[in-house]
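Residue numbers (this note's numbering): 44 to 255.
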């Protein structure tokens, strides 16, 4: 049975967690991951781009010259779409909805697939708990440096009832390459956009229950 190593604050191995046939062993599906990525990115789009139509451009509505006798084409005011500085015909009105929907089972399976890929690539680290003396940024940076791999960017997942949760979050807050989230709240896009995922033991167990 496959296992994952659990390390302590000093980067030392203190035990193993059996993976069995859990979510961490889910086979990779590029289709599911592509669908979920599109779903999350589309739902972040605001769709509030807007331009002014002819009727919304401020200015005089006076006819630019008389209707007949000039030899020129007939025109109304200078804010018609054909003039520079005029309104835009059929432009975006700020009401476009880019949001997409995805089947719940598909969404869950894609998350499992992504975590399974991270596990296969050894991009998941499980620590017993994160515990510092003063919860300073220097201690947080030292903790990252003693991990068995070189971390360029990482997502740290804490348990819902993790001890000293606020203090841990504060300690890592000033490290630009580290993001913090909760085992009940972190999502597919957060995992996809980061290199390593660091779980505390409680968060690892809670995530397994959440996605099983």
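Note that the Cβ used here is the ideal one computed from N, Cα and C, for glycine as well.
query, result
"What is the rounded straight-line gap between the Cα of residue 213 and the Cα of residue 175?", "12 Å"
"Pairs of beta-carbons, one from the stretch 62-78 and one from the stretch 160-167, closer than 8 Å: are there three or more?", "yes"
"Any idea what DSSP makes of residue 59, helix, strand or coil?", "strand"
"Would you say residue 208 and residue 198 are within 8 Å of each other, going by their C-beta atoms?", "no"
"Please report the distance separating the alpha-carbon of residue 194 from that of residue 218.", "12 Å"
"Quick one, which of 71, 138 and 215 has its alpha-carbon nearest residue 158's?", "71"
"Indicate, with yes or no, if the ligand NAD has a heavy atom lying under 7 Å from the CB of residue 206.", "Summarising the ligand content, the structure contains no ligands, and the ligand NAD is consequently not present."
"Give the secondary structure of residue 46 by DSSP, where H, G and I count as helix, E and B as strand, and everything else as coil.", "strand"
"Tell me which same chain residues have a C-beta within less than 6 Å of the C-beta of residue 56, skipping the five on either side of it?", "48 and 50"
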